[in-house]
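K.L.:
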Amino acid sequence: MTILKANDIGISFGGVKAVDGVSFSASPGQILSIIGPNGAGKTTLFNIVSGVYTASRGSIHLADEDVTGLPPHRLAARGLSRTFQNLQIFQRMTACENVMVGRHLREKCSLLPALFRTPSVTRQNRETRAAALDLLAEVGLKDAADVPAGSLPYGACKRLEIARALAAEPRVLLLDEPAAGCNAVETEEIDHLIKQVADRGVAVVLVEHDMKLVMKISDRILVLERGRPLVEGTPREVRDDPRVLEAYLGQHGAREAARA
Amino acid sequence: MRALLNQRSITLLVLAAVIAALPFVFPSSYYFRVASLVWVSALAAIGLNILMGQAGQVSLGHAAFFGIGAYAVAIGPTHLGIPPWAALLVGAVLSGILAYLVGRPILRLKGHYLAIATLGLGVLVALVITTESRWTGGPDGMPVERLTLFGWRVSGSYTWYWVTGGLLLVGTWIALNLDETPTGRAFRALHDSEVAAQVVGVDVARFKLQAFVIAAIYASLAGSALAFMNGFINPDQAGFLHSVELVTIVVLGGLGSVFGSIVGAAVLITLPQALTIFQEYEHLLLGLIIIVAMIFMRNGIVPSLSGLLVRRARS
């Protein structure tokens with residue numbers, strides 16, 4: 001069973017084919033990793049799937065519904081959530097408020113009750129805050145709840161983004177380099193977190209450079225090179241494929257690695 | 001959140017106390033008049049602050065809505081026979097509708113482009129007011145009928161002090177309410193990162209539009225209040241310089257701070273009155289004070305000073 005299906009995706013920037021004919025699918029409870037050398041088009045692919053860019057060709061289906069070209073907020077309403085490689089946290093809001101914004105789709109959001117602060121608004125606010133605090137505890141940021149997000153360290157911001165994405169209760173979660181810049185302990189925590197999320201039945205799509213993490217937690221791996229799909233398979237299949245080594249290390253490096 | 005709740009009620013209490021206490025120290029009705037001007041400007045600035053400080057969208061033509069509110073209460077009763085209080089509501093609704101219609105296309109623009117588009121809107125409205133002299137009295141302006149509520153004629157600077165003070169309290173209360181709601185959070189979120197707000201499901205276009213309409217209605221009500229208070233209105237109230245003045249109040253007081261808008265209005269309205277003793281150097285000094293304030297209090301008066309107090313308290 002697949003929930004997210006991208007078919008023959010392509011996009012060009014000024015004649016450069018950043019992504020060219022990539023297809024993949026993600027299933028509930030499974031972790032699909034997309035890897036590849038720098039500039040392979042991984043983040044671009046994420047931007048297309050999450051609606052930030054519009055693909056010039058191909059289609060995207062979410063839960064058997066064609067969602068090609070829908071804007072990000074519509075995709076979010078259909079259960080797609082993501083994090084960013086270059087942090088996109090709400091700097092001037094507290095950590096807790098960041099996660100509360102993640103609950104946006106789960107909240108009733110009519111203007112007039114908000115302006116007059118009716119009891120229902122206050123009650124909902126309390127519920128949203130409680131839910132946000134639970135999520136912060138889950139990613140180990142409970143103590144930072146009322147700290148302005150802009151003053152949190154890098155690793156904490158990464159986890160904050162995951163908490164915010166989870167707050168929307170997504171069916172599909174796209175994680176763009178969640179462990180980048182994190183130390184070994186933090187990476188371990190993120191590894192646990194991702195597995196927990198997948199165990200709850202969320203389809204996780206992961207872009208990551210930390211190969212140890214990728215090999216350990218992925219169910220399937222898709223390798224991209226210069227915007228094109230190179231190999232797709234289980235971690236074992238991908239690790240043993242000479243084409244993958246070549247893509248990362250070049251022909252010469254691959255020969256060296258084979259001998260080593 | 002408890003701390004924020006406190007901050008919210010403290011702001012309201014302080015404001016109510018100031019409004020109630022000032023009459024005891026005011027020596028003449030002239031002071032009541034200046035204070036009423038501050039309340040009215042603060043009301044318009046609080047609305048603009050929701051757009052600029054919360055949602056992060058600039059408007060350089062906001063006096064247009066102030067002007068629409070002012071001319072609605074002038075034209076309505078004089079030319080169309082609408083009761084003054086109803087004309088105030090008509091002005092607010094018209095401002096809201098205009099903001100909605102114009103906001104749709106122009107709020108797609110960002111930064112400087114949005115600034116120029118709103119500037120254009122401001123110039124356009126001011127131009128219509130100046131040229132349609134049959135309705136508006138043209139550049140000379142026109143008189144405004146007194147406001148009567150249930151047979152009570154609202155007049156005199158003492159009365160208007162309380163009326164505008166009450167309006168400001170309500171306006172402050174509403175703006176503070178908004179902060180801790182899904183709508184308020186959506187405003188602040190799209191200010192910090194539009195793309196991140198979108199991927200958690202915030203319809204960015206819709207919320208920008210809401211902020212624009214709210215800001216327009218605030219300005220319109222402030223404009224109506226000023227027109228009633230003065231009993232006279234001229235196109236300057238809808239002009240570019242007044243738009244700049246509103247933006248200056250918001251930035252000087254502190255973007256995103258409701259209390260800041262009130263303090264900004266107090267400074268920008270009372271300072272020229274205080275500086276009149278310097279006669280021809282008045283404007284020079286006013287400009288200098290604003291420049292120095294912005295250099296030393298980069299985040300605006302209220303956020304900078306409260307930041308300083310917090311640091312003092314900690315050390």
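So the protein sequences, as listed, match chains Y and P. For reference, each letter of the first sequence is one residue, going 1 to 260 in the working numbering. For reference, each letter of the second sequence is one residue, going 1 to 315 in the working numbering. Backbone N, C-alpha and C define an ideal beta-carbon position, used for all residues, glycine too.
Taking only beta-carbon positions, decide if residue 267 of chain Y is within less than 8 Å of chain P.
P.N.:
A question about residue 267 of chain Y goes unanswered here, because the residues of chain Y that appear run from 1 up to 260.
K.L.:
Is residue 262 of chain P near residue 42 of chain P, with beta carbons less than 8 Å apart?
P.N.:
yes
K.L.:
Sort P/181, P/128, P/132 by Cα distance to residue 98 of chain Y and report the nearest one.
P.N.:
P/181
K.L.:
Strictly under 8 Å for the Cβ-Cβ distance: is residue 50 of chain Y near chain P by that measure?
P.N.:
yes
K.L.:
For residue 197 of chain P and chain Y, any beta-carbon pair shorter than 8 Å?
P.N.:
Output row for residue 197 of chain P: interface = yes.
K.L.:
Over what stretch of residues does the alpha helix (DSSP H) that includes residue 141 of chain Y continue unbroken?
P.N.:
Residue 141 of chain Y -> no alpha helix (DSSP H), and no H or E assigned at all.
K.L.:
Can you tell which of Y/23, Y/187, Y/75, Y/186 has the C-alpha that lies nearest to the C-alpha of residue 41 of chain Y?
P.N.:
Nearest C-alpha to residue 41 of chain Y: Y/23.
K.L.:
Using a Cβ-Cβ distance cut-off of 8 Å, determine whether residue 182 of chain P contacts chain Y.
P.N.:
yes
K.L.:
Bridge partners for residue 89 of chain Y per DSSP, in chain order?
P.N.:
None, per the DSSP bridge assignment.
K.L.:
What are the boundary residues of the beta strand (DSSP E) that includes residue 225 of chain Y?
P.N.:
220-225
K.L.:
Could you tell me the alpha carbon to alpha carbon distance between residue 112 of chain P and residue 200 of chain Y, rounded to whole angstroms?
P.N.:
46 Å
K.L.:
Does DSSP put residue 84 of chain Y in a helix, in a strand, or in coil?
P.N.:
coil
K.L.:
Chain Y partners of residue 174 of chain P, CB-CB under 9 Å?
P.N.:
Residues of chain Y with a Cβ closer than 9 Å to the Cβ of residue 174 of chain P are, in chain order, 115, 116, 117.
K.L.:
Please list the partners that residue 185 of chain P has in chain Y, where partner means a Cβ-to-Cβ separation under 8 Å.
P.N.:
93, 97, 100, 101, 104
K.L.:
Report whether the distance from the Cβ of residue 144 of chain P to the nearest heavy atom of the ligand FMN is below 7 Å.
P.N.:
This structure lacks the ligand FMN, and indeed carries no ligand of any kind.
K.L.:
By how many angstroms is the C-alpha of residue 164 of chain Y removed from the C-alpha of residue 191 of chain Y?
P.N.:
17 Å
K.L.:
Between residue 107 of chain Y and chain P, is there a C-beta pair that is closer than 8 Å?
P.N.:
yes
K.L.:
Check the Cβ-Cβ distances between residue 86 of chain Y and every residue of chain P, and say whether any is below 8 Å.
P.N.:
no
K.L.:
What is the residue span of the alpha helix (DSSP H) that residue 95 of chain Y lies within?
P.N.:
95-102
K.L.:
What span of residues does the beta strand (DSSP E) with residue 17 of chain Y cover, start to end?
P.N.:
Where residue 17 of chain Y is concerned, the enclosing beta strand (DSSP E) stretches over 16-26.
K.L.:
Looking at the C-beta of residue 107 of chain P, does it have a partner C-beta in chain Y at a distance below 8 Å?
P.N.:
no
K.L.:
Per DSSP, which residues does residue 148 of chain P bridge with? Please list them.
P.N.:
P/153
K.L.:
Per DSSP, what kind of secondary structure is residue 9 of chain P in: helix, strand or coil?
P.N.:
helix
K.L.:
Can you grab the Cα-Cα spacing for the pair residue 116 of chain Y / residue 170 of chain P, in whole Å?
P.N.:
10 Å
K.L.:
Shorter than 8 Å from the beta carbon of residue 319 of chain P to some beta carbon of chain Y?
P.N.:
Residue 319 of chain P is absent from the model: chain P starts at 1 and stops at 315.
K.L.:
In the DSSP output, which residue or residues are listed as bridge partners for residue 203 of chain Y?
P.N.:
Y/172
K.L.:
Quick one: what does DSSP say residue 61 of chain Y is sitting in, helix, strand or coil?
P.N.:
strand
K.L.:
Could you run through the segment 147-171 of chain Y and flag, in chain order, every residue whose CB is less than 7 Å away from some CB of chain P?
P.N.:
164, 168
K.L.:
With burial defined as no fewer than 16 other Cβ atoms inside 10 Å of the residue's Cβ, what is the status of residue 125 of chain Y: buried or exposed?
P.N.:
buried
K.L.:
Tell me where the beta strand (DSSP E) around residue 228 of chain Y begins and ends.
P.N.:
228-233
K.L.:
Skipping 5 residues on each side, what residues in its chain have a beta carbon closer than 8 Å to that of residue 16 of chain Y?
P.N.:
none
K.L.:
Quick one: Cα of residue 2 of chain P to Cα of residue 199 of chain P, how far?
P.N.:
Because the pLDDT of residue 2 of chain P is 49, which lies under 50, any placement of that residue in the model is unreliable, and the number read from its coordinates should be weighed accordingly. Each residue's alpha carbon lies about 29 Å from the other.
K.L.:
Could you tell me the alpha carbon to alpha carbon distance between residue 139 of chain P and residue 71 of chain P, rounded to whole angstroms?
P.N.:
13 Å
K.L.:
Distance cutoff 8 Å, beta carbons only. Does residue 76 of chain Y sit that close to anything in chain P?
P.N.:
yes
K.L.:
Here's the rule: buried if 16 or more other CB atoms are within 10 angstroms of the residue's CB, otherwise exposed. What is residue 175 of chain P?
P.N.:
buried
K.L.:
Could you check whether the Cβ of residue 307 of chain P sits closer than 8 Å to any Cβ belonging to chain Y?
P.N.:
Chain Y contact via Cβ: absent.
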